[in-house]
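Structure, as structure tokens:
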Amino acid sequence: DAGVTQSPTHLIKTRGQQVTLRCSPKSGHDTVSWYQQALGQGPQFIFQYYEEEERQRGNFPDRFSGHQFPNYSSELNVNALLLGDSALYLCASSLGGGHYEQYFGPGTRLTVT
Amino acid sequence: AQSVTQLGSHVSVSEGALVLLRCNYSSSVPPYLFWYVQYPNQGLQLLLKYTSAATLVKGINGFEAEFKKSETSFHLTKPSAHMSDAAEYFCAVSVGNTDKLIFGTGTRLQVFP
Numbered sequence: 595d596a597g598v599t600q601s602p603t604h605l606i607k608t609r610g611q612q613v614t615l616r617c618s619p620k621s622g623h624d625t626v627s628w629y630q631q632a633l634g635q636g637p638q639f640i641f642q643y644y645e646e647e648e649r650q651r652g653n654f655p656d657r658f659s660g661h662q663f664p665n666y667s668s669e670l671n672v673n674a675l676l677l678g679d680s681a682l683y684l685c686a687s688s689l690g691g692g693h694y695e696q697y698f699g700p701g702t703r704l705t706v707t
Numbered sequence: 329a330q331s332v333t334q335l336g337s338h339v340s341v342s343e344g345a346l347v348l349l350r351c352n353y354s355s356s357v358p359p360y361l362f363w364y365v366q367y368p369n370q371g372l373q374l375l376l377k378y379t380s381a382a383t384l385v386k387g388i389n390g391f392e393a394e395f396k397k398s399e400t401s402f403h404l405t406k407p408s409a410h411m412s413d414a415a416e417y418f419c420a421v422s423v424g425n426t427d428k429l430i431f432g433t434g435t436r437l438q439v440f441p
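Residue numbers (the numbering used here), protein chains in the order written: chain A, 595 to 707; chain B, 329 to 441.
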């Protein structure tokens with residue numbers, strides 16, 4: 595049983611560019627959450643997708659957007675990249691929300707130069 | 329607003345010694361509490377969770393945590409540290425009808441032989 599997978603593993607972008615990160619949830623899960631983990635910090639909630647709609651959103655600007663596909667996989671898009679967007683981006687999947695366990699992927703390390 | 333405070337960004341113990349990692353939460357409603365572990369260059373793995381059942385929660389790898397409402401605490405303990413326990417540990421809270429996780433800043437555990 596495959597767990598949560600994320601791609602790519604590492605990414606280097608230049609300020610002002612746009613980036614797309616991808617996540618495939620654990621088999622049987624229908625909810626995907628995205629978190630940003632800056633160096634030396636705890637993860638910060640970006641948003642959550644359920645039934646192909648954004649269900650919750652954290653305190654992140656509109657430059658951060660996402661999508662969930664019918665197969666429950668998800669994308670995180672960040673436009674107009676800033677140096678401060680450099681971080682580990684974690685995807686977590688769960689079943690239907692409601693405080694069930696969230697399973698995390700290995701993350702995508704984004705470096706903005 | 330909900331929040332989590334982890335006391336001590338670094339904790340060092342000798343192999344075989346007691347591990348105690350501290351977590352205090354702030355919430356106006358009954359919380360769901362979690363401890364996650366993160367090994368270098370990896371995602372987060374759930375150690376244990378409190379969901380208003382038993383106040384003493386047993387997790388994986390010999391870890392346990394006790395929910396103390398009067399102290400708003402959820403400290404993580406392990407009777408005997410092992411070298412493989414060296415990692416970053418995060419306490420997290422979710423409340424109400426939302427399952428987004430709010431993380432503390434983490435505690436790095438070092439285990440010396």
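Positions of the beta carbon are idealized from the N, C-alpha and C atoms, including for glycine.
What you are looking at is a predicted structure, and each value in this text was computed from that prediction instead of being measured.
Are Gly636/A and Thr433/B closer than 8 Å when you measure CB to CB?
Taking the first residue of the first sequence as position 1, residue 636/A is located at position 42. Taking the first residue of the second sequence as position 1, residue 433/B is located at position 105. Yes, the pair counts as a contact, with Cβ atoms nearer than the cut-off.
Assign Phe663/A to buried or exposed, taking buried as 16 or more other Cβ atoms, counted over all protein chains shown, within 10 Å of its Cβ.
Position 69 of the first sequence, counted from the start, is the residue given in the question as residue 663/A. It counts as exposed.
Chain A contacts from the segment 386-412 of chain B (Cβ-Cβ distance under 9 Å)
none
So is Phe431/B in contact with chain A if we call contact Cβ pairs under 8 Å?
Locating residue 431/B in the second sequence gives position 103, counting from the first residue. For Phe431/B, the answer is yes, since a Cβ of chain A falls inside 8 Å of its Cβ.
Is there a Cβ of chain A sitting closer than 8 Å to that of Gly371/B, yes or no?
The residue given as residue 371/B occupies position 43 in the second sequence. Judged by the 8 Å Cβ criterion, Gly371/B is in contact with chain A.
Could you tell me whether the segment 607-626 of chain A touches the segment 668-677 of chain A, using the rule of 3 or more Cβ pairs below 8 Å?
yes
Span separating the alpha-carbon of Arg651/A from that of Gln630/A
Along the first sequence, one-based indexing puts residue 651/A at 57. Along the first sequence, one-based indexing puts residue 630/A at 36. Straight-line Cα distance between these residues: approximately 13 Å.
For Glu645/A, report the span of its beta strand (DSSP E) as first-last.
Position 51 of the first sequence holds residue 645/A. Unbroken run through Glu645/A: none, as it is neither H nor E.
C-beta contact flag for Val385/B and Asp413/B at 8 Å
Along the second sequence, read from residue 1 onward, the residue named residue 385/B stands at position 57. Along the second sequence, read from residue 1 onward, the residue named residue 413/B stands at position 85. Taking 8 Å as the Cβ cut-off, Val385/B and Asp413/B do not qualify as a contacting pair.
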